[in-house]
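Protein chains in written order, with the numbering used here: chain L, 138 to 278; chain E, 26 to 517; chain A, -6 to 110. By construction, the Cβ of each residue, glycine as well, lies at the ideal position given by its N, Cα and C atoms. Comments concern the structure below.
Structure below.
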């Protein structure tokens, strides 16, 4: 893939736009189709494109395994943390009304944080799955 | 905080899982898993006391009132099943430390405990929730974690066992989701108690009948009811020891709870058993399971596989009690849920002790083991007596209630069949006793000593519980009677 | 009658096709593909329920009064994620099985297993 000039240049040009589009889908989930899962997958696809063109090892240098593992865990903890925060402040679990002074603002904030957690976990998981499968070497029998 | 117990019960393991993933220092992931399991056990015990004194608890997730919001409704059936799951988990966790470390080495142990906590959280979520689709989501969380746990066995056949379990389990879960979708299309709601009201008004339309069929088949696959039990022997045989014990004691029991909830609470009794002839079908399949599985168990050489087939037979007893659908029958089923969980859990833990020392559970390699590992073999044989249903063990109490229920309903041949199949259990337990105590120790056998106390202690807690609850049956019997009254009495 | 319920005929066809692939084929990866087709039919079933005649997309806008039901869409998103996770797990198991047995045909694996213990 290194020798195909057109592929390399076009993918380098496209990658920032893919990442930007992923962020757009993430934050406009309550106004149009979108949300955490879709945005996470699009975000991961940018890194998978990079790995396809430039090799898994180079992509692994951009996103090392430790950061990915941290991302997976932090997304779930963010989601559960928002729920527990609501418990502590006085509402039920995942009751966003108590997150801010105004219930509508609380709902916005709660959904935003929760979708952020989902997007973070999904992106990390998708990239981890790809790196695990693509970087797998058949062990000798 | 007490009012939030239903949510905390499920959330604490769910938070523990990513923490386990981040903590990779030596054994600390085991410590996180044990703390989460013990905390869940404490909460479920307190919840049971609250349900006994105050009645059903309803908890609204997210502050949205049901039937629009997701509701966690804890009544006697839920609370009892959650107590069983958390109790077994709490007893197995000290066992797991040494057993898992011996089978994996300390560095990769954190993956194991992450998957275990996700499986545990899924089981508790299935039991706690009152929303049909939420039940499917937690069931899938639990199932996916289970496939990972089963695939971690050391034998390479653990991989094919996990794959087979994955394919069959996903088909079952997809059937369940089709059933839930058809119910939603007909009634417009997903809350189980609202569904019950609306189904009663609609009656047995074709959509409800189709949804019923899909749900029963899907749940039976998770339950390992004959003939949908094909994944169970391989999964239990090749999984790691602690996983076999945990799954045998909890996974099918929670599936039985789902069946009870759908048959009795969502679809009311008249629809299930009078309009649609489910009692004959379930009774026939249960009887075949009892005889066929016990017979196959007699001829097995691998002891774990023998106990796996014995589990299929015991599930036959539980489903037989459900098919009788009177109060005594459901009492017998719920009681046998509890008793089988502790007996089978204890026996698989004892087999895990043998694997820890000898590396194999093939019956030909275990000659004279009663002399080499006396305590472990005593635990194994005592559990076997519970499987047969000898008086003074827990197995006797549930079989007694099952026979009484059959006679009450007027189907006394079923009671006779229950006694006959217990005779088959005598045969395979006798095989274990014969090899363990009556064969001499071969000369070239390696010197093994008794299993370490951290493995023996949980085994004896569970087997001791099976004897204790055979003599003093107050706690499980009262809970089972109350559960049966709530499920069969008011057709909500 | 055929055109009225066109969606549901497609659901039944996909469901049975997927199920048949899982049962009839021996290749482990083909079984996973069959499972995916089976799950895809369930998605079509749910979304067909959600569409209300004359309804528009479920986003509040001026001038529209009939909206399609948004709940099945959310249920399907969850089911899609579950399907993706199951597929990833199944494929990971197939990679490990290939490493351990050297083959991904079910009958050859059975034969290798029977020759063991």
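- At a cut-off of 8 Å, the C-beta of residue 184 of chain L has no neighbouring C-beta in chain A.
- Neighbours of residue 260 of chain E across chain A, judged by C-beta separation under 8 Å, do not exist; the nearest C-beta is about 13 Å away.
- Those residues of the segment 62 to 84 of chain E placed with their C-beta closer than 9 Å to a C-beta in chain L are 84, ordered along the chain.
- Beta-carbon to beta-carbon, residue 103 of chain E and residue 152 of chain E are separated by about 5 Å, close enough to satisfy the 8 Å threshold.
- By the C-beta density criterion, residue 240 of chain E is buried, having at least 16 other C-beta atoms within 10 angstroms.
- DSSP places residue 52 of chain A in no alpha helix (DSSP H); its state is neither H nor E.
- A Cβ of chain L is located within less than 8 Å of the beta carbon of residue 81 of chain A.
- Along the segment 23 to 46 of chain A, going in chain order, the ones with a CB nearer than 7 Å to a CB of chain E are 24, 28, 31, 32, 35, 38, 39 and 42.
- Rounded to whole angstroms, the Cβ separation of residue 342 of chain E and residue 427 of chain E is 6 Å, and the two are in contact under 8 Å.
- As the crow flies, the alpha-carbon of residue 163 of chain E is around 38 Å from that of residue 403 of chain E.
- For the segment 151 to 167 of chain L, the beta-carbon criterion of a distance under 8 Å to any beta-carbon of chain A is satisfied by none of its residues.
- The residue from L:272, L:270 and L:265 with its alpha-carbon nearest to that of residue 202 of chain L is L:265.
- The C-beta of residue 155 of chain E comes no closer than 8 Å to any C-beta of chain L.
- Restricted to the segment 414 to 457 of chain E, the alpha helix (DSSP H) segments that are unbroken, complete and at least 4 residues in length are 419 to 434, listed in chain order.
- Residue contact check for residue 207 of chain L against chain A: no CB pair falls below 8 Å.
- Contact with chain L is found for residue 88 of chain A, since one of that chain's Cβ atoms lies less than 8 Å from the residue's Cβ.
- Interface annotation, residue 72 of chain A: in contact with chain E, CB-CB separation under 8 Å.
- DSSP places residue 491 of chain E in the helix class (H, G or I) of the three-state scheme.
- Two segments are said to touch when three or more pairs of C-beta atoms, one from each, lie closer than 8 Å; by this definition the segment 322 to 329 of chain E touches the segment 388 to 395 of chain E.
- By the criterion of a C-beta distance shorter than 6 Å, residue 254 of chain E is surrounded in its chain by 337, once the five residues flanking it on both sides are discounted.
- Proximity to residue 252 of chain L across L:145, L:152 and L:163 peaks at L:163, based on C-alpha coordinates.
- In the DSSP assignment, residue 154 of chain E forms a beta bridge with E:97.
- Note on residue -3 of chain A: under 16 other CB atoms within 10 angstroms of its CB, so exposed under the neighbour-count rule.
- Taking a C-beta distance under 8 Å as the contact criterion, residue 55 of chain E and residue 133 of chain E do not qualify as a contact pair.
- With a threshold of 8 Å between beta carbons, residue 78 of chain A makes contact with chain E.
- Interface residue (Cβ-Cβ distance to chain E less than 8 Å): residue 230 of chain L is classified as such.
- Taking a beta-carbon distance threshold of 8 Å, residue 197 of chain L does not count as an interface residue toward chain E.
- Out of E:280, E:175 and E:199, the CA that lies nearest to the CA of residue 38 of chain A is found in E:199.
- The Cβ-Cβ distance between residue 291 of chain E and residue 238 of chain E does not fall below 8 Å.
- Its chain contains 58 and 174 as the residues whose beta carbon lies nearer than 7 Å to that of residue 141 of chain E, once the 5 sequence neighbours on both sides are disregarded; these appear in chain order.
- When DSSP reads this structure, residue 323 of chain E sits in no beta bridge, so it has no partner.
- For the segment 180 to 195 of chain E, the set of positions with a beta-carbon nearer than 7 Å to some beta-carbon of chain A reads 181, 182, 184, 185, 187, 188, 191, 192 and 195 in chain order.
- Within a 10 Å sphere around the beta-carbon of residue 361 of chain E sit 16 or more other beta-carbons, which makes this residue buried.
- The alpha-carbon separation between residue 221 of chain L and residue 33 of chain E amounts to approximately 9 Å.
- Per the coordinates, the alpha-carbon of residue 186 of chain L lies some 10 Å from the alpha-carbon of residue 144 of chain L.
- At least 8 Å separates the CB of residue 180 of chain L from every CB of chain A.
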